[in-house]
Amino acid sequence: VLVNEDLDELAAVVCENTTAIADRNVLKHVIQPTAACQLGCDYCGQEHFAHQISEERQDALLRRLERRLRRGEYARLEIGWFGAEPLLGVRAMRRLSPRLRLLAAERDVDYSATIVTNGMRFTPELAQELEIQHRVKAAEITLDGPEAVHDVRRPARNGSSSFRRILGNLVAVAQTPEIGMQLNIRCNVDKENAGSVGDLIELLAAEGLAKRISLHLAPVYSWGNDADEAALSLPDFAAREVEWLSQMHNLGFSIDLLPSRRRIVCLAVQREGEATDAVGNVFNCTEVSYVPIYGEPNRYTLGKIEDEELETQAPFRSFNREVLSGKHARCAECPMLPVCGGACPKQWEEGNVPCPSAKENISERLALWYALRQP
Ligand code: SF4
Ligand code: SF4
Numbered sequence: 003v004l005v006n007e008d009l010d011e012l013a014a015v016v017c018e019n020t021t022a023i024a025d026r027n028v029l030k031h032v033i034q035p036t037a038a039c040q041l042g043c044d045y046c047g048q049e050h051f052a053h054q055i056s057e058e059r060q061d062a063l064l065r066r067l068e069r070r071l072r073r074g075e076y077a078r079l080e081i082g083w084f085g086a087e088p089l090l091g092v093r094a095m096r097r098l099s100p101r102l103r104l105l106a107a108e109r110d111v112d113y114s115a116t117i118v119t120n121g122m123r124f125t126p127e128l129a130q131e132l133e134i135q136h137r138v139k140a141a142e143i144t145l146d147g148p149e150a151v152h153d154v155r156r157p158a159r160n161g162s163s164s165f166r167r168i169l170g171n172l173v174a175v176a177q178t179p180e181i182g183m184q185l186n187i188r189c190n191v192d193k194e195n196a197g198s199v200g201d202l203i204e205l206l207a208a209e210g211l212a213k214r215i216s217l218h219l220a221p222v223y224s225w226g227n228d229a230d231e232a233a234l235s236l237p238d239f240a241a242r243e244v245e246w247l248s249q250m251h252n253l254g255f256s257i258d259l260l261p262s263r264r265r266i267v268c269l270a271v272q273r274e275g276e277a278t279d280a281v282g283n284v285f286n287c288t289e290v291s292y293v294p295i296y297g298e299p300n301r302y303t304l305g306k307i308e309d310e311e312l313e314t315q316a317p318f319r320s321f322n323r324e325v326l327s328g329k330h331a332r333c334a335e336c337p338m339l340p341v342c343g344g345a346c347p348k349q350w351e352e353g354n355v356p357c358p359s360a361k362e363n364i365s366e367r368l369a370l371w372y373a374l375r376q377p
């Protein structure tokens with residue numbers, strides 16, 4: 003890409019980012035309806051406990067969203083159901099979804115939702131309910147390898163195989179023609195399971211899922227804990243990823259090789275993007291609730307959902323300005339900034355380096371992309 007010699011590229015990129023954030027007409031809110039989860043994943047930084055969001059807090063959340071929709075010029079309300087395991091809080095979801103949809107309809111804005119679930123309860127019946135009644139258009143489910151590998155990393159607390167249950171649900175949902183939602187599988191990769199990622203890819207293809215799901219391989223990182231100690235180095239992950247992407251392509255998966263322009267890096271930098279957990283804490287980042295190391299009260303909290311006024315100085319919201327001012331010099335000098343956006347403001351804040359694998363393997367990705375375009 004050629005630009006004029008006298009253009010201040012960094013300023014231009016950051017200006018486009020901040021304009022996109024100011025112009026975004028989607029109100030995004032993440033809801034964590036419960037603090038419970040059936041799994042005990044070894045890299046998870048959250049501490050789980052049995053608690054569903056109370057009806058009083060649900061009503062406070064609805065009032066907050068109503069105020070925001072009234073104030074701003076939004077075209078869509080987008081809810082992200084997140085955990086702990088959101089489907090253990092399905093009672094609260096069933097009460098909230100119709101009210102959220104009504105709220106959107108009254109203000110004449112579109113409504114949609116997504117869910118991140120561990121897949122243990124993701125049966126075809128519940129998936130259909132999610133799609134029809136909760137307007138869920140995409141679900142993300144994690145599988146960390148073939149059965150033996152996955153079950154060591156993501157054991158069910160009752161000792162049963164979580165792999166068999168999750169894969170069984172996934173295959174049943176994928177085979178239900180009435181269910182059209184996007185199915186995204188995430189595989190968290192570190193030294194422990196890197197050697198079996200290829201087997202997982204083969205297994206998913208053998209189950210007939212290659213054309214129905216998208217598979218995303220993500221390096222394990224610190225979630226307020228020491229999970230990153232088992233992480234592969236970025237160059238190692240990136241080199242292996244090129245092999246995995248080639249294998250996926252050969253088995254019929256569609257693969258995302260080239261990153262595109264990323265103007266809004268995440269929820270945390272959005273104008274009014276927020277997350278509410280089951281005990282009523284409000285955050286603007288999705289990975290801080292239930293994480294004990296962030297203290298009590300959680301150092302990232304903006305306040306409680308029932309508070310009229312919340313903290314207005316939300317963390318990370320000025321990330322783009324900080325890049326421009328030189329606080330994040332590595333991003334400011336990085337040729338990947340336009341397509342990366344800085345990856346994760348929280349990781350930078352905590353002293354980690356969150357660069358995506360494409361920073362290391364963009365040449366190989368381009369070569370593969372080019373090769374696959376040849377007749
Ligand atoms: S700051 Fe990082 S962890 Fe928080 S929402 Fe953004 S990308 Fe996610
Ligand atoms: S690749 Fe790394 S240094 Fe470059 S913009 Fe992304 S996070 Fe920043």
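Okay, so the sequence shown: first residue is 3 according to this note's numbering, each after it adds one. Cβ coordinates follow ideal geometry from the N, Cα and C atoms, glycine included.
Could you spell out where the alpha helix (DSSP H) holding residue i opens and where it closes?
i    : result
R263 : First-last for R263: undefined, no H or E at that position.
A379 : Only positions 3 to 377 of the chain appear in this structure, which leaves residue 379 out of reach.
F239 : L236 to N252
W83  : Taken as a continuous stretch (DSSP letters only), W83 belongs to no alpha helix (DSSP H), being part of the beta strand (DSSP E) at R78 to W83.
I23  : E11 to D25
M95  : V92 to E108
Q60  : E57 to R73
P126 : P126 to I134
Between which two residues does the beta strand (DSSP E) carrying residue i extend?
i    : result
S114 : D112 to T119
H50  : Per DSSP, H50 belongs to no beta strand (DSSP E) and is neither H nor E.
V28  : V28 to I33
Tell me which residues share the same chain as residue i and place their Cβ nearer than 6 Å to its Cβ, disregarding the 5 neighbours each side in the sequence.
i    : result
E308 : A62
V28  : R78 and E80
G42  : P157 and R159
G82  : V32 and T116
N19  : R265 and N322
S114 : E80, R137 and K139
D279 : Q34 and S291
G47  : W225, G226, N227 and V293
D44  : R155
A106 : L79 and Y113
V175 : P126, A129 and I181
E276 : H31, V284 and N286
Can you name, in chain order, every residue of its own chain whose Cβ lies under 7 Å from the Cβ of residue i, other than the five neighbours on each side?
i    : result
L312 : V284, L304 and G305
H330 : E324, G344 and W350
L202 : L145, G147, P148 and C189
Y76  : N27, V28, L29 and V111
E17  : It is worth fixing the name first, because residue 17 is Cys in this sequence and not Glu. Result list for C17: empty, nothing under 7 Å.
Y296 : G226, V290 and Y302
R59  : G282, I307 and E308
Ordered along the chain, which non-local residues of its own chain (more than five positions away) have a Cβ less than 8 Å from that of residue i?
i    : result
L247 : I257, L259, R367 and L370
A334 : L12, V325, L326 and G328
V173 : E209, G210 and L211
E300 : Inspection of the sequence shows that residue 300 is occupied by Asn rather than by Glu. Taken in chain order, the residues that qualify are N283, F285, V290, S291 and V293.
M183 : A129, L132, E133, V138, K139, A140 and A141
D192 : Y45, P221, V222, A229, A232, A233 and L234
How close, in whole Å, do the beta carbons of residue i and residue j come, if the pair is a contact with beta carbons under 8 Å?
i    : j    : result
R123 : L89  : 4 Å
G85  : V118 : 7 Å
E362 : P237 : 5 Å
P294 : E49  : 5 Å
I215 : I187 : 5 Å
E274 : G74  : 7 Å
V271 : P347 : 7 Å
C39  : N171 : Not quite, the Cβ-Cβ distance comes to about 16 Å (not below 8 Å), so this is no contact.
L217 : F255 : 6 Å
I55  : A94  : 5 Å
A207 : L169 : The Cβ separation is near 13 Å, so there is no contact.
Which parts of the segment 138-217 are runs of the beta strand (DSSP E), unbroken and 3 residues or longer, counting only runs that do not cross its ends?
138-144 and 184-191
Return the chain-ordered ranges of every beta strand (DSSP E) run that is complete within the segment 267-351 and spans a minimum of 3 residues.
276-278 and 283-285
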